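Student:
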Amino acid sequence: MQLDKLVHFHKTVGNHTRLRIIGLLKEGGALHGQAIAGKLGLTPPTISHHLTKLKEIDIVYQRRDKNTIYYALNERKLDLLAEAITRLGDDDMNEELQVTDEEKHKVLNNFIGTDGRIKSMPAQLKKRLIILEHIIKGLEAGKSYPEPKINEHIKQFHDDFATIRREFIMHQFMTRDKGYYELNPRELWLI
């Protein structure tokens with residue numbers, strides 16, 4: 001699934017017009033479709049088509065201001081997807097976030113109660129990633145989970161399932177597609 005996602009990303013951005021749109025949004029910030037069309041000398045329907053493709057891979061998002069829709073670049077997601085191919089098979093990725101088993105044990109003892117529930121989410125990224133990794137261990141690789149099932153799994157550990165679910169996506173533990181979640185290969189996790 002994750003390799004398919006990387007291939008789809010590279011195929012999508014491997015288009016002259018889409019690369020120009022990415023460049024415009026990176027340089028100029030949020031723009032509406034008419035402005036993009038004008039700057040590139042293309043028709044609004046053509047721009048709309050390309051923006052839809054970029055939104056599908058989540059590197060462009062939109063926000064509405066009255067009757068105008070502005071498009072902006074999701075730079076963090078773009079960077080993660082663009083760099084993901086270089087991280088495949090790399091044992092040393094995110095070396096500064098790597099921890100020993102002893103450190104993991106200490107963090108788990110500090111933040112997880114005797115009932116198995118999280119007392120509080122750590123503010124420090126390194127510790128939060130350890131907690132997220134602990135929560136995700138009960139899920140199977142290669143299996144698609146509907147959102148309610150993911151919520152149910154997370155509720156065993158913490159009531160704020162929406163935040164934890166979002167963290168799973170942000171830190172590449174999981175991929176979301178049309179309301180279904182799938183565990184990413186471990187080498188893509190940001191831990």
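Counting from 1, one number per residue, gives the positions in the sequence shown under full-length UniProt numbering. Idealized CB from N, CA, C, for every residue including glycine. If you're wondering where the values come from, they're calculated on a predicted model, not measured in any experiment.
Specify, as a first and last residue, the run of the beta strand (DSSP E) that residue 69 falls within.
Tutor: Stepping through the sequence shown from its first residue, residue 69 is reached at position 69. Unbroken beta strand (DSSP E) run through residue 69: 68-73.
Student: Would you give the residue range spanned by the alpha helix (DSSP H) that residue 120 belongs to?
Tutor: For the purposes of this step, residue 120 is identified with residue 120 of the sequence shown, where counting begins at 1. Element bounds for residue 120: n/a, residue is neither H nor E.
Student: Residue range of the alpha helix (DSSP H) that residue 20 falls in?
Tutor: As a first step, residue 20 is located in the sequence shown; it is residue number 20 there, counting from the start. Its alpha helix (DSSP H) spans residues 16-28.
Student: Taking Cβ to Cβ, would you say residue 168 is nearer than 8 angstroms to residue 117?
Tutor: Residue 168 sits at position 168 when you count from the first residue of the sequence shown. Residue 117 sits at position 117 when you count from the first residue of the sequence shown. It is not a contact, given that the beta carbons lie outside the stated cut-off.
Student: Going by C-alpha distance, which of 82, 49 and 128 is nearest residue 103?
Tutor: What you label residue 103 is simply residue 103 of the sequence shown in a count that begins at 1. Checking every option, the nearest Cα to that of residue 103 belongs to 128.
Student: Closer than 7 angstroms by C-beta to residue 177: which residues in its own chain qualify, once you throw out the five before and the five after it? Chain order, please.
Tutor: Against the sequence shown, residue 177 aligns to sequence position 177. So the list is empty, once near-sequence residues are dropped.
Student: So is residue 166 buried or exposed if we call it buried at 16+ other beta carbons inside 10 Å?
Tutor: Residue mapping note: residue 166 aligns to position 166 of the sequence shown, counting from 1. Exposed.
Student: Of the residues 134, 35, 82 and 67, which one's Cα is nearest the Cα of residue 109?
Tutor: In the sequence shown, counting from the first residue as 1, residue 109 sits at position 109. Considering only alpha carbons, the answer is 134.
Student: Evaluate contact between the stretch 68-84 and the stretch 29-42, counting only Cβ atoms and requiring at least three cross-stretch pairs below 8 angstroms.
Tutor: These segments touch.
Student: Can you grab the Cα-Cα spacing for the pair residue 43 / residue 27, in whole Å?
Tutor: As a first step, residue 43 is located in the sequence shown; it is residue number 43 there, counting from the start. As a first step, residue 27 is located in the sequence shown; it is residue number 27 there, counting from the start. Roughly 21 angstroms separates the two Cα atoms.
Student: Report yes or no: do the stretch 148-157 and the stretch 54-64 share at least 3 C-beta pairs separated by less than 8 angstroms?
Tutor: The answer is no - the stretch 54-64 does not touch the stretch 148-157, with fewer than three Cβ pairs under 8 angstroms.
Student: The beta strand (DSSP E) that contains residue 176, what's its start and end?
Tutor: Within the sequence shown, residue 176 is the residue found at index 176, counting from 1. That run of the beta strand (DSSP E) goes 174-177.
Student: Buried or exposed, going by whether 16 or more other CB atoms sit within 10 Å of the CB of residue 7?
Tutor: For the purposes of this step, residue 7 is taken as the residue at position 7 of the sequence shown. Counting Cβ neighbours within 10 Å, residue 7 comes out exposed, since fewer than 16 surround it.
Student: For residue 204 and residue 119, which I take to be in contact (beta-carbon distance under 8 angstroms), what is that distance rounded to the nearest angstrom?
Tutor: Coverage of the chain is limited to positions 1 through 191, which leaves residue 204 absent and any answer about it impossible.
Student: In the DSSP output, which residue or residues are listed as bridge partners for residue 146?
Tutor: Residue 146 sits at position 146 when you count from the first residue of the sequence shown. Looking at the DSSP assignment, residue 146 forms a beta bridge with 180.
Student: I need the boundaries of the beta strand (DSSP E) containing residue 166, first residue and last residue.
Tutor: For the purposes of this step, residue 166 is taken as the residue at position 166 of the sequence shown. It is not in any beta strand (DSSP E) - residue 166 instead sits in the alpha helix (DSSP H) that spans 161-170.
Student: Could you check whether residue 12 and residue 78 sit closer than 8 angstroms to each other, using their CB atoms as the reference points?
Tutor: Residue numbering aside, residue 78 sits at position 78 when the sequence shown is read from its first letter. Residue numbering aside, residue 12 sits at position 12 when the sequence shown is read from its first letter. Taking 8 angstroms as the Cβ cut-off, residue 78 and residue 12 do not qualify as a contacting pair.
Student: Quick check on this structure: which residue in 185, 146 and 164 has the alpha carbon closest to the alpha carbon of residue 122?
Tutor: The residue given as residue 122 occupies position 122 in the sequence shown. Nearest option by C-alpha distance: 164.
Student: According to DSSP, what are the bridge partners of residue 101?
Tutor: Here the question's residue 101 lines up with position 101 in the sequence shown. Residue 101 is not bridged to any residue.
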